[in-house]
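Letter by letter, the sequence shown follows residues 1059 to 1160 of the numbering used here. No residue lacks a Cβ here, since even glycine has one placed at the ideal position from N, Cα and C. Please read all numbers here as calculations on a predicted model, not as lab measurements.
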Amino acid sequence: RTGPIHVVGWQAARIFERAEREAKEVGESNTIDFYMKKQQNSSKWHHWLPANDSLIDLETGLITNLDGEPSAQAHQVDRFGFLNLNWLNKMGEQGWPFNEVT
């Protein structure tokens, strides 16, 4: 989580597996946006993963490096399944407002 490419595949797959288990425990068969639905607060669409995963910036939803800065590139994000679907859609609707070079 410190180089030019942040490979999230293994960690993302474990997070998705955990979401599937948690969804099953509450009788939910759909994991699309599972963690956002658990919050029941649509204004927090940036929070597509729980804060204790320490993998995203809760203000933007962007995947971060260990230092908290946004990762330049995140590889294998498909391993999250559809946990970030609403976030992706909102970012697209808003023109990817957080993807600016600083």
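Proximity of residue i and residue j at Cβ, strictly below 8 Å
{"i": "Leu1120", "j": "Leu1141", "result": "no"}
{"i": "Gly1067", "j": "Gln1134", "result": "yes"}
C-alpha distance - residue i paired with residue j, whole-angstrom precision
{"i": "Thr1060", "j": "Arg1076", "result": "25 Å"}
{"i": "Lys1095", "j": "Ala1070", "result": "18 Å"}
{"i": "Leu1116", "j": "His1105", "result": "6 Å"}
{"i": "Thr1122", "j": "Ser1112", "result": "8 Å"}
{"i": "Ala1152", "j": "Ser1129", "result": "Checking the sequence shown, residue 1152 turns out to be Gln, not Ala. Distance between the alpha carbons of Gln1152 and Ser1129 is about 20 Å."}
{"i": "Trp1103", "j": "Arg1137", "result": "19 Å"}
{"i": "Phe1074", "j": "Glu1080", "result": "10 Å"}
Minimum C-alpha distance to residue i - residue among the options
{"i": "Pro1062", "options": "Trp1145, Glu1127, Ser1087, Val1084", "result": "Glu1127"}
{"i": "Leu1143", "options": "Asn1110, Phe1092, Lys1082", "result": "Phe1092"}
Per DSSP, the bridge partner or partners of residue i
{"i": "Pro1128", "result": "Thr1122"}
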